[in-house]
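Only one structure is covered here, and it is reproduced in the block below.
Residue numbers (the working numbering), protein chains in the order written: chain A, 119 to 261; chain B, 3 to 425.
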């Protein structure tokens, strides 16, 4: 048998796998019986947001939508990718300001509050109305 | 024909500032560089007022504000989030996309053979991005990246156009190139165009007609590639996996010059902390940290430029190691008696953070510490991201020269405390 000397190996050259086994503590004892049933925890984003790139959060100020279960300081989930229709709750910019109201297309264009203390807003000719997106959910925090 | 598209956000930073300020529709908007130094973005209206790119803010401030202009300090949290949204929408529309910068992306349109369909796709794409994210884009379509970029120029110049331009027929390409000065071609800077002008190459058409061998021998392979791309030969493919960063630099010029080591130190620490965050965000570790300090080249006082690097024995991504290295490097390059106007921290020699080089005889317990340290960094990063600022002792937030960002808009999309409101 002949032996050829190829060179020396320094510890630094060893692939990571040689040391990997020592890197983590090994625990002994019974494995958790739940291990086979592990699932990820419930994710609110998944429930509240369909199209992340088109979804924006907006805070409500005031109680004009209280009867639609949207209180003061509620967080609105606003999806820009859904087409607004008659009866949608929308966030719109009207004369340079964001408002949250119910959109009425018939018989005439109008933004309806959900609180009798407030008047409907009839959109006049020449007024700048731009629907930003529709409100798909509102989060009211109680504490 | 294999087509590709360049999607380019119109006046991106200005559009971002306008998204949650419907009152600023059709108003001139400018965005200033870090420290509110000079103009780095302008809305269409601000351009029409004659505001030039890069002009120092103090020069135009008075007249601009008097004419009803709006100004913002740069709000990169907002721009970054909106950019991600735009890119995300585009990713959903084609198989292959290359995010080229914060406001530009190349799309591979090889699934579309017909140029009319490509144009229609462009219109569709533009409408979707505008509706979903609210950021206007323009789209240039062509057989190569260089031509797509030119097509996007044309789309921009066309007043009242659709914002989409398709450049594919050879006659049409010739016509456009004849009217396009070479310095407007992607990758041709001022020096290069001057050298080309010396050879009586003025229009892009002149350049396209040049002998490629001559271009390669007189200039470079890069310019040869540009010539080929102008002819419609695809030399640069749409690359969806960007090369990982090779270095991270955090640096600033500051208005108040300082010669005081004790003022520079917390500043360097701030940069080191920020650089560490970026490093972990990229999933990298670095083996070298360097510090740069420099006087202002515009100053008549004595000039000095200090640069020193510290080498780590093992790659690190722990801010505490980076801080220690940066402070050491600062001590090594600091000289008494100069008025420093710029400082920075540079991280380099990266390796991926999951690759762990360690010697066989490393202390076992060290690996437990390692895990703990990583958890600590992750925790601090997420707290800082939420706005609960955690400082390292050497940062001394009160003492550091603060960045001038007096006119910054809220972080509408990334902070619970700064959401836009609706009545």
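Idealized CB from N, CA, C, for every residue including glycine.
Problem - Partner residues on chain B for residue 218 of chain A, Cβ-Cβ distance less than 9 Å - result: Here the neighbours are 424 and 425.
Practice task
Inspect the beta-carbon positions of residue 273 of chain B and residue 253 of chain B and report whether they are closer than 8 Å.
Solution key: yes
Practice task
Starting from residue 174 of chain A, find everything on chain B with Cβ-Cβ shorter than 7 Å and list it in chain order.
Solution key: 415
Problem - Whole beta strand (DSSP E) elements within the segment 254-301 of chain B, 3-residue minimum - result: 286-297
Exercise for the section: Go ahead and pull the three-state DSSP assignment for residue 24 of chain B. Expected result: Looking at residue 24 of chain B - three-state DSSP - the assignment turns out to be helix.
Handout entry: Interface residues of chain A facing residue 421 of chain B [CB-CB closer than 8 Å]
Key = 175, 176, 177 and 193
Practice task
With distances taken Cα to Cα, identify the nearest neighbour of residue 318 of chain B among B:278, B:309, B:306 and B:330.
Solution key: B:278
Handout entry: Near-chain A residues of the segment 84-96 of chain B (beta-carbon distance less than 7 Å), N- to C-terminal order
Key = 87, 90 and 91
Practice task
Compare the Cα-Cα distances from residue 252 of chain A to each of A:166, A:200, A:232 and A:243 and report the closest residue.
Solution key: A:200
Problem - Spatial neighbours of residue 135 of chain B in its chain, beta-carbon cut-off 7 Å, leaving aside the 5 residues before and after - result: Within its own chain, the residues whose Cβ lies closer than 7 Å to the Cβ of residue 135 of chain B, once the five positions on either side in sequence are excluded, are 84, 87, 88 and 91, listed in chain order.
Problem - Three CB pairs or more closer than 8 Å across the segment 33-51 of chain B and the segment 13-20 of chain B - result: yes
Handout entry: Beta carbon of residue 186 of chain B nearer than 8 Å to that of residue 207 of chain B
Key = no
Problem - Any 3 or more C-beta pairs closer than 8 Å across the segment 135-154 of chain B and the segment 167-183 of chain B - result: yes
Practice task
Could you list which residues in chain B have their beta carbon closer than 9 Å to that of residue 215 of chain A, in chain order?
Solution key: Residues of chain B passing the Cβ test: 24, 25, 424 and 425.
Problem - Under the three-state DSSP convention, the category residue 95 of chain B falls into - result: coil
Handout entry: residue 190 of chain B versus residue 200 of chain B: straight-line alpha-carbon distance, rounded
Key = Just so you know, the alpha carbons of residue 190 of chain B and residue 200 of chain B end up roughly 15 Å apart.
Practice task
Using a Cβ cut-off of 8 Å (strictly closer), state whether residue 136 of chain B contacts chain A.
Solution key: yes
Practice task
Would you verify that the beta carbon of residue 199 of chain A is, or is not, closer than 8 Å to some beta carbon of chain B?
Solution key: With its beta carbon less than 8 Å from one in chain B, residue 199 of chain A belongs to the interface.
Exercise for the section: Indicate whether at least one CB of chain A lies closer than 8 Å to the CB of residue 133 of chain B. Expected result: yes
Exercise for the section: Pull up the distance between the alpha-carbon of residue 196 of chain A and that of residue 95 of chain B, whole angstroms please. Expected result: 22 Å
Handout entry: Between the CA atoms of residue 118 of chain B and residue 110 of chain B - distance to the nearest angstrom
Key = 16 Å
Handout entry: Test item: CB-CB of residue 5 of chain B and residue 142 of chain B under 8 Å
Key = no
Problem - Supposed contact pair residue 331 of chain B and residue 293 of chain B - C-beta distance, whole angstroms, cut 8 Å - result: 4 Å
Practice task
Answer with yes or no whether the minimum CB distance from residue 248 of chain A to chain B is below 8 Å.
Solution key: Flagged as an interface residue toward chain B: residue 248 of chain A, by a C-beta distance shorter than 8 Å.
Practice task
Just the chain B side, please: which residues come within less than 8 Å of residue 206 of chain A by C-beta, in chain order?
Solution key: Result: empty, since nearest Cβ-Cβ is about 14 Å, beyond 8 Å.
Handout entry: Identity of the residue in B:125, B:78, B:72 and B:230 nearest residue 148 of chain B by Cα
Key = Looking at the Cα atoms, B:230 is the closest of the given residues.
Exercise for the section: Tell me residue 342 of chain B's beta-bridge partners as DSSP assigns them. Expected result: B:260 and B:297
Exercise for the section: Spatial neighbours of residue 256 of chain A within its chain, please: CB distance less than 6 Å, with the 5 preceding and 5 following residues excluded, ordered by chain position. Expected result: 188, 192 and 194
Handout entry: C-alpha distance - residue 169 of chain A paired with residue 148 of chain A, whole-angstrom precision
Key = 43 Å
Practice task
Express the C-alpha separation of residue 215 of chain A and residue 320 of chain B in angstroms, rounding to a whole number.
Solution key: 45 Å
Problem - Candidates B:80, B:45 and B:269, of which the one nearest residue 28 of chain B by Cα - result: B:45
Problem - Residues that residue 211 of chain A contacts on chain B, provided the C-beta gap is smaller than 7 Å - result: 24
Practice task
Could you name each continuous beta strand (DSSP E) segment of 3 residues or more that falls completely within the segment 165-233 of chain A, going from the start of the chain to the end?
Solution key: 173-178, 193-197, 207-212, 215-222 and 228-230
Handout entry: Local Cβ density within 10 Å of residue 77 of chain B, reported as buried at 16 or more and exposed below that
Key = buried
Practice task
May I have the straight-line CA-CA distance separating residue 137 of chain B from residue 21 of chain B, to the nearest angstrom?
Solution key: Each residue's Cα considered, the two are about 8 Å apart.
Handout entry: Per-residue burial, residue 159 of chain A [other beta carbons within 10 Å of its own, 16 or more giving buried]
Key = Around the C-beta of residue 159 of chain A, fewer than 16 other C-beta atoms lie within 10 Å, and the residue is accordingly described as exposed.
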